[in-house]
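In my numbering, the protein residues as written are 465 to 601.
Ideal Cβ placement from N, Cα and C applies to all residues, glycine included.
Keep in mind it's a predicted model, so treat the numbers as computed, not measured.
Everything below concerns the one structure shown next.
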């Protein structure tokens with residue numbers, strides 16, 4: 465278990481020390497949401513919010529170790545608000561994250577294999593095998 469406490473009370477914009485200018489109008493609802501999510505303390509980000517950021521490759525250096533740790537602790541954990549789950553969403557994370565950090569993929573694959581029984585109980589074998597194949601690249 466890694467110690468992330470030094471970053472949990474900071475937002476992505478504080479950690480990166482990069483502050484995006486607030487806009488009167490954003491090009492999209494997603495851009496507006498990502499802008500707002502960068503201001504939230506990491507410890508206060510919900511699962512669905514972390515997923516949104518990682519699909520857009522925002523804050524991956526700080527979020528991915530936390531996500532992998534959460535997946536190791538509870539592979540089927542869901543967002544209380546909308547049921548989002550890292551397991552159901554990780555395949556949509558930006559490909560650049562995996563390319564920059566091959567160790568994240570290695571760790572994820574190990575977790576998927578370690579949690580095979582839980583995942584197959586939830587998903588069934590076929591979906592698990594397809595997913596594992598996709599994540600192996």
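Reference residue i, options the options, closest by Cα
i           : options               : result
residue 476 : 495, 527 and 486      : 527
residue 483 : 504, 572 and 570      : 504
residue 574 : 599, 525, 559 and 588 : 599
residue 506 : 487, 538 and 470      : 470
residue 524 : 498, 537 and 545      : 498
residue 496 : 473, 508, 480 and 520 : 520
residue 474 : 485, 487 and 501      : 501
Closer than 7 Å: residue i CB and nearest the ligand ATP heavy atom
i           : result
residue 470 : Here there are no bound small molecules, and the ligand ATP is not part of this structure.
Bounding residues of the alpha helix (DSSP H) (the contiguous stretch that carries residue i)
i           : result
residue 579 : That residue, residue 579, is in no alpha helix (DSSP H); it is neither H nor E in DSSP.
residue 595 : 589-600
residue 530 : 524-537
residue 552 : 550-553
Cα-Cα separation between residue i and residue j, rounded to whole angstroms
i           : j           : result
residue 543 : residue 511 : 5 Å
residue 583 : residue 596 : 11 Å
residue 465 : residue 540 : Annotation note: pLDDT 45 at residue 465 (below 50); position unreliable, coordinate value reported separately. Going by the C-alpha atoms only, they are around 19 Å apart.
Quiz item: Using 8 Å as the Cβ pair cut-off and three pairs as the minimum, do the segment 550-557 and the segment 511-519 touch?
Solution: yes
Quiz item: Okay, do the segment 483-492 and the segment 518-538 touch, 3+ Cβ pairs below 8 Å being the bar?
Solution: no
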